[in-house]
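Step one of this worksheet: look at the structure below.
Number of protein chains: 2
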Amino acid sequence: MAASSSTSTGLEVRILCRRGLLTSPTASLAPGHIQANLLILPSAYASDFRSLCARNPVPCPLLGSTALSKIGDASCIQPDSLINASDVDFDIRTDLPQYNIYESGKLIATKIDVKHEWTSDHVAFLIGCSYSFEGALAAAGLTPRHWVVGGNVPMYRTTRRLNPAGIFTSGTYVVSMRPYREEDVSEVRRITAPYKGMHGEPIAWGYQDMRELGIVDLDKPHWGDVPEIREGEIPVFWGCGVTPQDMIMQAGDKIKGIVIAHKPGCMLVLDVNEADYFKGEG
Amino acid sequence: MAASSSTSTGLEVRILCRRGLLTSPTASLAPGHIQANLLILPSAYASDFRSLCARNPVPCPLLGSTALSKIGDASCIQPDSLINASDVDFDIRTDLPQYNIYESGKLIATKIDVKHEWTSDHVAFLIGCSYSFEGALAAAGLTPRHWVVGGNVPMYRTTRRLNPAGIFTSGTYVVSMRPYREEDVSEVRRITAPYKGMHGEPIAWGYQDMRELGIVDLDKPHWGDVPEIREGEIPVFWGCGVTPQDMIMQAGDKIKGIVIAHKPGCMLVLDVNEADYFKGEG
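Same order as they appear, the protein sequences are chains F and X.
Take numbering that gives the first Met the number 0: the final residue in the first sequence is number 281, and no numbers are missing along the way.
Take numbering that gives the first Met the number 0: the final residue in the second sequence is number 281, and no numbers are missing along the way.
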């Protein structure tokens, strides 16, 4: 089920998820609020994953995590500015629309909660999401196409490698794509650049860059919906927070235990709004 | 002229440079002290360059800069922990062995000081250097080959693109290379990983990775000396702080004004030692 556009706060979105009433992508919900990608790992991999994010901040901007001093606690996110303390029922295992569950790099299930999969050894990481800057693009008259035609932003696996970190040696960038006219690219870059914790400005644009990224066919996104590209437009690519879960798939059975991620497009909506976030950065 | 191995502090190295008595690479000088790559830009590009570093922390780890509140002041580095206040004659224009001077992306001169090129509009940036971890490798019996056979570490331009930032859209990674036996790679990775502000662990290793990086011939480094690779060894590649000056060359006449960099291998030796640096990080 999809939420209506009157769902305007992070708490409202999370409560709908918690009750199993919202199972669809979260783009354009709770406008102005920061959304996050999710990766839940066995604690043995937590340190390497932090290093991976630090070495690849464009596709993997780390916003926060469950408390490392309370491994297995699904109710506490740090920094605590991300989820209001008044949300006493917050639970990372229920508060997203849908979850992907991996074992040995294989997707074994997609569920609306992961209460049975979460263990006392799990740590959850939140990664910035480009949905956070889509409102700013729309406000400037550069509305993302998937807001106009409906559906989910298209996402593509690329051949551009991540900087390795510890056990994570085999990942490549995943990118999201929004089509724009070439003459609008500099404005699109300018608008999205300040969103540093949410992938920032595009990493590439145009058909030559697309080929360099190893993307062959825009009509075959690995996640999300087939895009509508109009005459005179070129593809513009941003780092994407699906990168970590794609890395888990590529790592295969090197990663032991259950790994959980959001279903691409189905984010955790936070309580912090963009204005507060930038104030905090400054 | 080369300094002797008795040159053991950053200040001693800088004074020799300042007097024009040291004009050779700084690898293995002032052991345990952090060394830095240099890029000096017109102030108009300072903000974009900071973003470039933030988006590419592995090849471009930003350690510090001249004071942005005092543009054109060549005597003050921030954070002030990098250069001791007691070095009252510190001058970024004289304190490295040699400098490369660029105009419109072209190398127009190499000099032992840049007093005449520096203007009241220049800002200097310091980028971490992999020399900082070579002592740790040597201490573990994994001595870098160029310490053994003499000369400078080989450096290669690659085809791996930087994440663009503002005006800087055309850069690719430069890497340094040290040969190791394949069975030593995991230990080499483990030792260098903690040096996060100095490129950290390798980004790639082995001949397949080499081809993926677009490196065709190890005997033709773009900077530094031809390596000696022994039987059973593979090339191991780290991000390299020559990346920013190579980016300037690739940007061509898009960058206006005089740009200055260190001559590759000829670093600024800082007063902070590795132990203090890691204490500061923790």
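Think of the CB as a built atom: it goes at the ideal place given N, C-alpha and C, for glycine as much as any other residue.
Residue i: buried (16+ other C-beta within 10 angstroms of its C-beta) or exposed?
i, result
"Asn107(X)", "It should be pointed out that residue 107(X) corresponds to Ile in this sequence rather than to Asn. Exposed, by the Cβ-count rule."
"Asp292(X)", "Shown here, chain X extends from 0 to 281; a query on residue 292(X) therefore has no answer."
"Lys255(F)", "exposed"
"Ala138(X)", "exposed"
"Tyr44(F)", "buried"
"Val283(X)", "Any question about residue 283(X) goes unanswered here, given that chain X covers just 0 to 281."
"His115(X)", "exposed"
"Gly206(X)", "Contrary to the premise, residue 206(X) reads as Tyr rather than Gly in this sequence. Result: exposed."
"Arg177(F)", "buried"
"Val87(X)", "exposed"
"Gly19(F)", "exposed"
"Ala274(X)", "exposed"
"Arg180(X)", "exposed"
"Val113(X)", "buried"
"Gly140(F)", "exposed"
"Arg189(F)", "exposed"
"Gly170(X)", "buried"
"Gly251(X)", "exposed"
"Gly71(X)", "exposed"
"Val258(X)", "buried"
"Val12(F)", "buried"
"Ser119(X)", "exposed"
"Glu133(F)", "buried"
"Gly279(F)", "Note that Gly279(F) has pLDDT 48, beneath the 50 cutoff, so the model's placement of it is unreliable and no number is given."
"Val225(X)", "exposed"
"Val187(X)", "buried"
By DSSP, does residue i sit in helix, in strand, or in coil?
i, result
"Gly281(F)", "Residue placement at Gly281(F) is flagged as unreliable, the pLDDT there being 34, under the threshold of 50; the coordinate-derived value follows with that caveat. Gly281(F) falls in the coil class under three-state DSSP."
"His121(X)", "strand"
"Phe132(F)", "helix"
"Leu67(X)", "helix"
"Ala84(X)", "coil"
"Tyr276(F)", "helix"
"Gly196(X)", "helix"
"Gly127(X)", "strand"
"Glu102(F)", "strand"
"Ser185(X)", "helix"
"Val113(X)", "coil"
"Ala73(F)", "coil"
"Val147(X)", "helix"
"Leu10(X)", "helix"
"Ile166(X)", "coil"
"Thr158(X)", "strand"
"Thr357(F)", "Limits of chain F in this structure are 0 at one end and 281 at the other, which puts residue 357(F) out of reach."
"Ile91(F)", "coil"
"Ala137(X)", "helix"
Please state whether the Cβ-Cβ distance between residue i and residue j is less than 8 Å.
i, j, result
"Gly223(F)", "Met154(F)", "yes"
"Ile33(X)", "Tyr276(X)", "yes"
"Asp218(F)", "Val173(F)", "no"
"Asn162(F)", "Val57(X)", "yes"
"Thr157(X)", "Leu67(X)", "no"
"Lys262(F)", "Pro143(F)", "no"
"Pro201(X)", "Cys59(X)", "no"
"Ala260(F)", "Asn151(F)", "no"
"Ala203(F)", "Phe167(F)", "no"
"Leu37(X)", "Leu267(X)", "yes"
"Ala84(F)", "Lys195(X)", "no"
"Leu51(X)", "Asp270(X)", "no"
"Ala164(F)", "Trp117(F)", "no"
"Cys16(F)", "Thr109(F)", "no"
"Pro30(F)", "Ser7(F)", "yes"
"Met197(X)", "Pro234(X)", "no"
"Cys75(F)", "Ser175(F)", "no"
"Ala35(X)", "Cys128(X)", "yes"
"Lys247(X)", "Tyr130(X)", "For the record, residue 247(X) in the displayed sequence is Ile; it is not Lys. The answer is no: Cβ separation not under 8 Å."
"Thr22(X)", "Ile111(X)", "yes"
Task: Stretch-stretch touch, CB-based, cutoff 8 Å, three pairs: the stretch 62-72 of chain X with the stretch 116-131 of chain X - done: yes
Open item on the list: Check whether the stretch 225-236 of chain X and the stretch 37-55 of chain X are in contact - that is, three or more C-beta pairs closer than 8 Å.
Closed with: As far as the Cβ criterion goes, the stretch 225-236 of chain X does not touch the stretch 37-55 of chain X, which means the pair count is below three.
TODO: Please specify which runs of the alpha helix (DSSP H), each continuous and at least 4 residues long, are wholly inside the stretch 203-254 of chain X, giving them in chain order.
DONE: 206-211 and 242-250
Task: alpha helix (DSSP H) runs contained entirely in the stretch 13-56 of chain X, provided each spans 4 or more residues - done: 45-54
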